[in-house]
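Enquirer: Got a structure for you, questions after.
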Amino acid sequence: MTFESAFGLAGNTCKEGKCEDKNATACAIWALRDECLFNPQHMFQECPASCGVCSTVCEDKSTDCQNWAEDGQCEVNPDGMLTMCPQSCGVCQQLEQFYHNGIGGDKDEL
């Protein structure tokens, strides 16, 4: 799956003006099982609130992210790093370009 296709679904879901899971109970369980990472195409469409795709601020969650990224961890450990360190791994810049090109909808906050 491409980056654009995964996040394009999120943009289409959220630009309708609401960010709601289609089945709150199932989505909460799936999100706890990391399905937002392992099955983003389905989860971003069905469970945008549980996955945080409509309101998540794109920023590193650790002060060590820059050092880890320079050490190559974005490539070696992408599952953990892209979640914990999106800014240092370049995900935020890709999202910004994606949304500014008008493909991803009207998300105000990255």
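Per this note's numbering, the very first residue in the sequence shown carries number 6; after that it's consecutive. By construction, the Cβ of each residue, glycine as well, lies at the ideal position given by its N, Cα and C atoms.
Do Ser93 and Ala74 have their C-beta atoms within less than 9 Å of each other?
Expert: Yes; because the gap between Cβ atoms is below 9 Å, this pair is in contact.
Enquirer: Is Thr88 helix, strand or coil when you go by DSSP?
Expert: helix
Enquirer: The alpha helix (DSSP H) that contains Glu25, what's its start and end?
Expert: Here Glu25 belongs to no alpha helix (DSSP H), and DSSP marks it neither H nor E.
Enquirer: Taking 8 Å as the cut-off, is the CB of Asp65 close to at least one heavy atom of the ligand SAH?
Expert: This structure does not include the ligand SAH; it has no bound ligands of any sort.
Enquirer: How would you write the range of the alpha helix (DSSP H) that Asn72 sits in, first residue to last?
Expert: 70-75
Enquirer: Here's the rule: buried if 16 or more other CB atoms are within 10 angstroms of the residue's CB, otherwise exposed. What is Phe49?
Expert: buried
Enquirer: Looking only at its chain, what residues have a beta carbon closer than 6 Å to the beta carbon of Pro91, apart from the 5 residues adjacent to it on each side?
Expert: Cys63, Cys97
Enquirer: Mapping DSSP to helix, strand and coil, what is Glu51?
Expert: Looking at Glu51 - three-state DSSP - the assignment turns out to be helix.
Enquirer: With burial defined as no fewer than 16 other Cβ atoms inside 10 Å of the residue's Cβ, what is the status of Val81: buried or exposed?
Expert: exposed
Enquirer: Which residues bound the alpha helix (DSSP H) around Cys131?
Expert: Outside the modelled stretch of the chain, which goes from 6 to 115, sits residue 131, for which no answer is possible.
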